[in-house]
Every structure is written in structure tokens, then in C-alpha cells.
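Residue numbers (the working numbering), protein chains in the order written: chain G, 2 to 290; chain U, 2 to 290.
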């Protein structure tokens with residue numbers, strides 16, 4: 002199923018502003034998934050497998066149950082929303098997340114962890130930000146604060162907040178599996194409202210000369226900028242009508258045109274890691290160690 | 002005076018490793034100077050004007066004296082080094098700094114704060130990293146762990162660590178002014194040793210077609226990648242023999258060729274902010290707010 006809105010939480014504006022301010026003052030833990038992102042990408046662990054707020058690891062491959070970390074008590078409105086709106090028996094992880102001057106590269110989640118039907122990921126924005134958009138293989142969309150979004154993270158998907166303004170959200174992970182229905186994430190069946198329509202982002206038609214212009218990057222690409230170029234290419238589908246997966250093929254084309262075997266290898270390994278297959282704890286980097 | 006080595010601290014490898022591990026586990030405070038950087042750039046405030054470890058602001062324009070923050074006690078070897086090697090009366094700020102997959106754009110420091118002769122900035126790497134280099138208007142150089150480097154931050158300067166490995170350092174700020182001599186930063190005059198020679202980085206001659214290849218970026222530059230392109234250009238002088246300041250002129254040329262007035266304006270404002278003039282607390286961003 003494609004990404005879709007499952008419900009809408011009526012946040013209390015004043016209380017949510019206080020919780021966001023509290024999140025923004027919390028220590029930032031180690032981040033296991035930075036390689037997927039550029040810019041500010043930080044996660045505050047509110048609910049996870051260990052109950053340890055410093056543990057940002059997603060234990061989907063083991064389907065460990067979740068529990069609150071001590072930080073959840075410090076954000077009372079979010080605490081209330083999580084425990085009254087959602088089914089705690091299925092909730093495995095909750096991250097309070099901020100992204101600024103940020104993009105996440107086109108990628109598929111869960112591919113290291115097993116059958117994608119076991120996992121169900123939900124995003125809820127805590128504040129509106131006009132510069133923040135998400136995408137999957139079908140569309141580019143703008144999440145509004147309070148919307149409970151199923152993000153089909155098993156598809157190739159991406160996002161950006163190309164502004165210097167914060168965009169706090171919650172990322173909720175649920176255990177799914179046989180017989181699971183989206184309504185099962187909620188504490189009460191009436192919270193499920195699949196009638197809500199998303200705000201789609203209109204893109205401009207892809208310019209006919211786009212591939213040729215991008216190919217010019219083959220004369221500029223180097224070990225020091227291949228990461229920048231990979232992320233730059235990964236954002237083009239967010240504003241122009243090109244397939245989300247095209248960026249990986251462009252990157253491989255650009256490196257092939259450059260004739261640099263090391264760059265070709267990085268591009269091919271990157272495509273494999275981000276969209277095809279990877280292992281639990283596999284440690285890809287665009288740059289040397 | 003150009004950047005130069007002033008002395009060499011014989012760190013205790015085992016004790017420094019413990020202090021680095023402790024720094025790496027500390028909460029990361031708000032970062033006032035992120036706009037100068039891309040990638041991981043974090044500062045742990047060990048000594049500053051307020052004594053508050055969350056305060057990362059450099060109060061050079063007011064020449065406030067410095068004092069330890071509570072975090073200094075948690076890194077005993079660094080505490081000992083700072084207090085036995087340096088003159089506490091001149092020390093205004095000490096930041097424990099990590100940079101990873103990082104570059105800092107060609108820029109001049111202190112231009113918002115008054116006469117550059119009042120300020121004296123010192124960098125000491127806590128660990129070696131072959132991928133980490135610094136530059137000023139004269140040279141590209143490789144700092145080695147323990148070297149006490151005067152960084153002539155009033156010149157245009159830059160740096161990168163284009164690897165996924167950490168590069169912890171200390172950044173020390175001293176009050177200088179009339180009659181100040183570099184040896185004055187030390188607690189004892191014999192610590193000053195200007196005979197130490199730096200490791201210079203050999204660069205390749207600039208390719209004759211470099212300006213033409215970079216100009217191809219004018220067909221790719223957009224609001225969503227101008228920041229990436231600015232940083233990409235800002236790293237070229239670190240590996241090719243071109244003037245450090247060239248990147249700002251390239252960026253302006255590229256945006257002019259693009260014909261996009263908004264991009265030209267961003268490029269011109271960026272050059273002004275980073276190398277020509279700015280106000281205390283001025284808030285430049287490449288991206289919209």
C-alpha cells in the first residue's frame with residue numbers, strides 16, 4: 002500500500018510548543034542512521050526496545066517489544082497523545098525527530114530486517130513547514146501537523162526540509178505481521194479515518210535536457226564531492242517529474258563518464274546499500290574510513 | 002602572521018583516549034556557527050565567558066574573560082594540559098570539537114568583532130587523521146596530534162575531514178591586543194617552540210579546464226543545491242593549486258551564468274558574509290527561513 006493518511010490528532014498548540022522546546026533542549030544521542038541523510042537529522046528516543054534514551058537502534062529484525070524511555074515523561078502532551086491514541090502492544094519505537102537544511106536520500110527501509118509486512122512506520126509532524134516535503138514511488142506530498150501518516154518505507158522514498166527552520170516530527174514504528182490492519186495501530190477504532198486527503202506537491206515537467214545537464218557533473222565529481230552529488234541528485238525528483246529511483250542511475254552514469262573506477266564502485270555500492278540489499282549493522286560510507 | 006606551530010604537547014595516549022571517549026558521550030549543545038560548515042561539526046564548551054557548558058557563543062567583540070565550565074572536570078587529562086600549559090588570564094574560550102564528513106567553507110573569523118589583533122586562536126588536534134587538512138591563504142597543511150597551532154583565522158581559511166572517522170580537537174581562544182606575543186599564551190616561556198615545522202600538503206596543479214568544468218554547474222545550480230555547490234567549490238583549493246578565495250568568485254560566476262537573480266543574490270550575500278563583512282549575531286543562510 003502507498004503512503005497515506007490514517008487519522009488526524011488535534012494537538013494543543015500551546016502544549017505542543019512547550020514539548021517541542023523541551024525536545025530541542027535535550028542531549029542529542031549517537032545517530033545510527035546518519036548515512037541516509039545530509040544536514041541536521043537528530044532523533045530523541047522516547048520509546049524503544051531497551052528503555053534507554055541513548056539507544057537509537059531499530060531492532061526490527063528481532064521484533065523486540067517497545068517501552069517508554071525516561072524522556073517521555075518530560076514531554077507531557079506527547080506522552081498523553083502516544084498513550085491515548087496508539088496501541089502500546091504494537092508500538093516498538095518512537096523517535097522525536099528534527100530535520101533542518103536536510104534531505105534523506107532515496108532509499109528503502111527494512112530491507113536488512115526481513116519481510117516488510119512485519120513493519121509499519123508512521124510519521125506525525127509536530128509543526129508545519131512549507132519547505133518540508135516527502136516522496137515515495139508514486140507521489141510527492143506535504144505532511145501537515147497532526148496528520149498520522151503511514152509512510153510506505155518499503156518503497157523507495159525520500160524527503161527534504163530545504164530551509165533553516167526546524168521541522169519536528171514523531172516517527173512511530175509498529176509491529177505488524179499476519180492479519181494486521183492499519184486501524185490496529187490505534188487505541189480506539191474510531192481514531193482510524195482513511196478519508197483524509199493528502200496535500201500533493203505539484204512538480205514541474207522534467208526538462209528534456211536534464212540528463213545532459215546532469216552528465217556535466219562527470220567532469221566535476223570527485224572523492225570529496227560524490228556524497229554531495231548523490232544527495233543533490235536525490236532531491237531532483239522532489240521538484241521535477243522524474244522517477245524517484247533515477248538518481249541512483251544518474252550517479253552511476255556520471256561516475257562511469259568520469260572514468261574513475263573508485264567512484265564507479267562507490268556509486269554501485271551506494272545503489273545496492275540504499276535501495277537493493279544490505280545487512281543488519283552494515284556500515285556503508287561515501288567517504289573513506 | 003601566517004598559521005604556524007607554537008609548541009607541542011606530549012599527550013598521554015591512554016588518558017587522551019579516555020577523555021575523547023568522554024567528550025563523545027557528552028550532550029551536544031546548540032551550535033551558533035553551523036552555517037560555516039557542512040557535515041558533523043560539534044563543539045563541547047569546556048571554558049567560556051559564562052561558565053555555562055550550553056553556551057557556545059564567542060564573546061570576542063566584548064573581550065569577556067573566560068572560566069571553566071563544569072565539563073572540564075570530566076576530562077582530567079585535558080584539564081591538566083589546559084591549566085599547566087596555558088595562561089588562564091588570557092584564555093577566553095576552549096571548545097572540544099569533533100568534525101566528521103565535514104568541511105568548513107573559506108571564511109574569515111573575527112570580522113564582526115573589531116580589530117583582529119585582539120584575538121588569537123589556537124587549534125590542537127587530539128588524534129591524528131590522515132584525511133583531515135587545513136588551509137589559509139598561503140598553504141594547505143596537515144595538523145598532527147599534540148601540535149599547538151596558531152590558526153590565522155583573520156586570513157581566509159578552510160578545512161575538511163572528508164572521512165567518516167572522527168577528528169577531535171581543542172579550539173582555544175586567547176585575548177591578545179597591544180604588545181601581545183605568541184609566547185604569552187603559555188604558562189611557561191619554555192613551552193614556546195617556534196622551530197617546529199609543519200607538514201604541508203602537496204596539491205596537484207590546477208587543471209587548465211577547471212573554470213570551464215565548474216561553469217557547467219550553472220546548468221545544475223538551484224535553490225536546493227546552492228549550499229552543496231558552495232561547499233564543493235570551497236574544497237577544491239585543498240587538493241588543487243588555486244587560490245583559497247576563488248570559490249566565492251566561481252559561485253558568483255556560476256549563478257550569473259544561470260541567469261537566476263535569486264541565486265546571484267545568495268552568492269553575493271554569501272561572499273560578503275563569509276569573507277568581507279558581517280555583524281555580531283548576523284544570521285546568514287543559503288536556504289530560506
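Every residue gets a Cβ at the ideal spot worked out from N, C-alpha and C, and that includes glycine.
Could you check which residue in 61/G, 239/G and 69/G has the C-alpha nearest to that of residue 48/G? The count along the first chain starts at 1 and reaches residue 48/G at position 47. That would be 69/G, whose Cα lies nearest to the Cα of residue 48/G.
State yes or no: is the beta carbon of residue 29/U nearer than 8 Å to at least one beta carbon in chain G? Looking up residue 29/U in the second chain gives position 28. Yes, because at least one Cβ of chain G sits closer than 8 Å to the Cβ of residue 29/U.
Element boundaries [beta strand (DSSP E), containing residue 107/U]: Mapped onto the second chain, residue 107/U falls at position 106. Segment 92-108, the beta strand (DSSP E) holding residue 107/U.
Cross-strand partners of residue 135/U (DSSP beta bridge): On the second chain, residue 135/U is found 134 positions in, with the first residue counted as 1. Answer by DSSP bridge pairing, in chain order: 142/U and 160/U.
Distance CB(residue 170/G)-CB(residue 127/G) smaller than 8 Å: Here residue 170/G corresponds to residue number 169 of the first chain, with the count starting at 1. Here residue 127/G corresponds to residue number 126 of the first chain, with the count starting at 1. Going by C-beta atoms, residue 170/G is nearer than 8 Å to residue 127/G.
Would you say residue 229/G lies against chain A (beta-carbon separation less than 8 Å)? Checking the listed chains, one finds no chain A in this structure; the protein chains it contains are G and U.
Check the Cβ-Cβ distances between residue 102/U and every residue of chain G, and say whether any is below 8 Å. Position 101 of the second chain, counting from 1, holds the residue named residue 102/U. Interface flag for residue 102/U against chain G is set, since a Cβ pair is found closer than 8 Å.
Just tell me which of 42/U, 220/U, 211/U and 73/U has its CA closest to the CA of residue 210/G. For this step, residue 210/G is matched to residue 209 along the first chain. The shortest C-alpha separation from residue 210/G is found at 220/U.
How is residue 233/U classed by DSSP in three states: helix, strand or coil? Residue numbering aside, residue 233/U sits at position 232 when the second chain is read from its first letter. Looking at residue 233/U - three-state DSSP - the assignment turns out to be helix.
In three-state DSSP terms, what is residue 227/G? Along the first chain, read from residue 1 onward, the residue named residue 227/G stands at position 226. Note: residue 227/G maps to helix in three-state DSSP.
Excluding the five sequence neighbours on either side, which residues of its own chain have a C-beta within less than 7 Å of the C-beta of residue 130/U, listed in chain order? By one-based count along the second chain, residue 130/U stands at place 129. Excluding positions up to five away in sequence, the list reads 162, 164, 166 and 168.
Using a beta-carbon distance cut-off of less than 8 Å, what residues from the stretch 144-175 of chain G approach chain U? 161, 163, 164, 165 and 166
Distance, residue 185/G Cα to residue 89/G Cα: Taking the first chain and counting its residues from 1, the one referred to as residue 89/G is at position 88. Taking the first chain and counting its residues from 1, the one referred to as residue 185/G is at position 184. If I take the Cα positions, the gap works out to 11 Å.
Spatial neighbours of residue 1/U within its chain, please: CB distance less than 6 Å, with the 5 preceding and 5 following residues excluded, ordered by chain position. Limits of chain U in this structure are 2 at one end and 290 at the other, which puts residue 1/U out of reach.
In whole angstroms, what separates the C-alpha of residue 156/U from that of residue 110/U? By 1-based counting over the second chain, the position of residue 156/U is 155. By 1-based counting over the second chain, the position of residue 110/U is 109. Rounded to the nearest angstrom, the two C-alpha atoms are 8 Å apart.
Write down every uninterrupted run of the alpha helix (DSSP H) in the stretch 16-68 of chain U whose length is 4 residues or greater and which is fully enclosed by it, in chain order. none
Round the Cβ separation of residue 233/G and residue 229/U to the nearest angstrom and send it over; I've been treating them as touching at under 8 Å. For the purposes of this step, residue 233/G is identified with residue 232 of the first chain, where counting begins at 1. For the purposes of this step, residue 229/U is identified with residue 228 of the second chain, where counting begins at 1. Right, the Cβ-Cβ distance comes to about 5 Å (below 8 Å), so this counts as a contact.
Sequence-distant residues of the same chain with beta carbon closer than 6 Å to residue 60/G, five excluded per side: In the first chain, counting from the first residue as 1, residue 60/G sits at position 59. Once the five neighbours on either side are set aside, the close Cβ partners of residue 60/G are 50.
Nearest-angstrom Cβ-Cβ length linking residue 263/G and residue 236/G, presumed shorter than 8 Å: As a first step, residue 263/G must be located in the first chain, where it is residue number 262. As a first step, residue 236/G must be located in the first chain, where it is residue number 235. Between residue 236/G and residue 263/G the Cβ distance is about 24 Å, and since that is not below 8 Å, they are no contact.
Hey, how far is the Cα of residue 194/G from the Cα of residue 146/G? Here residue 194/G refers to the residue found at position 193 when the first chain is read from its first residue. Here residue 146/G refers to the residue found at position 145 when the first chain is read from its first residue. Answer to the nearest angstrom: the Cα atoms are 16 Å apart.
Partner residues on chain U for residue 232/G, Cβ-Cβ distance less than 9 Å: Along the first chain, read from residue 1 onward, the residue named residue 232/G stands at position 231. Within chain U, the residues near residue 232/G are 226 and 229.
Residue-level contact to chain U via CB, residue 221/G, 8 Å cutoff: Here residue 221/G corresponds to residue number 220 of the first chain, with the count starting at 1. Answer yes: the Cβ-Cβ gap between residue 221/G and chain U drops below 8 Å somewhere.
How many Å lie between residue 58/U and residue 95/U at the Cα? Position 57 of the second chain, counted from the start, is the residue given in the question as residue 58/U. Position 94 of the second chain, counted from the start, is the residue given in the question as residue 95/U. Cα to Cα, residue 58/U sits roughly 11 Å from residue 95/U.
Who are the near neighbours of residue 271/U in its chain, counting only those whose CB is closer than 8 Å to its CB and skipping five residues on each side? Against the second chain, residue 271/U aligns to sequence position 270. By the criterion of a C-beta distance shorter than 8 Å, residue 271/U is surrounded in its chain by 231, 249, 252, 285 and 287, once the five residues flanking it on both sides are discounted.
Measure the CB-CB distance between residue 30/G and residue 62/G and report whether it falls below 8 Å. Here residue 30/G is taken as the residue at index 29 of the first chain, counted from 1. Here residue 62/G is taken as the residue at index 61 of the first chain, counted from 1. For residue 30/G and residue 62/G, no; Cβs fall outside 8 Å.
In terms of residue numbering, what span does the beta strand (DSSP E) encompassing residue 243/U cover? In the second chain, the residue the question calls residue 243/U occupies position 242. Here residue 243/U belongs to no beta strand (DSSP E), and DSSP marks it neither H nor E.
DSSP bridge partner residues for residue 8/U (one or two, in chain order): The residue labelled residue 8/U in the question sits at position 7 within the second chain. Partner(s): 149/U.
If you measure between the beta carbons of residue 85/U and residue 188/U, is that distance less than 8 Å? Position 84 of the second chain, counted from the start, is the residue given in the question as residue 85/U. Position 187 of the second chain, counted from the start, is the residue given in the question as residue 188/U. Yes; because the gap between Cβ atoms is below 8 Å, this pair is in contact.
Contacting positions in the stretch 106-129 of chain G - beta carbon closer than 9 Å to chain U: none
Which stretch, first to last residue, makes up the alpha helix (DSSP H) that contains residue 125/G? Residue numbering aside, residue 125/G sits at position 124 when the first chain is read from its first letter. Not the alpha helix (DSSP H): residue 125/G falls in the beta strand (DSSP E), residues 120-126.
Just reading off the alpha helix (DSSP H) that residue 211/U is part of, what are its end residues? If you number the second chain from 1, residue 211/U lands on position 210. Start and end: 211-216.
Applying the 10 Å Cβ sphere with the 16-neighbour rule, what's the burial state of residue 260/G? Here residue 260/G corresponds to residue number 259 of the first chain, with the count starting at 1. Per the 10 Å Cβ criterion, exposed.
Go to residue 266/U, then tell me how far its alpha helix (DSSP H) extends in each direction, as first and last residue. For this step, residue 266/U is matched to residue 265 along the second chain. Here the alpha helix (DSSP H) through residue 266/U covers 262-272.
Top-ranked residue by Cα proximity to residue 276/G, from 2/G, 106/G and 136/G: As a position in the first chain, residue 276/G is number 275, starting the count at 1. Nearest of 2/G, 106/G and 136/G to residue 276/G, Cα basis: 106/G.
If we call anything under 8 Å between Cβ atoms a contact, is residue 289/G one with residue 108/U? As a position in the first chain, residue 289/G is number 288, starting the count at 1. As a position in the second chain, residue 108/U is number 107, starting the count at 1. Result no, Cβ atoms of residue 289/G and residue 108/U do not sit closer than 8 Å.
Could you compute how far the alpha carbon of residue 176/U sits from the alpha carbon of residue 148/U? Counting from one through the second chain, the residue named residue 176/U turns up at place 175. Counting from one through the second chain, the residue named residue 148/U turns up at place 147. Taking the straight line joining both Cα atoms gives about 20 Å.
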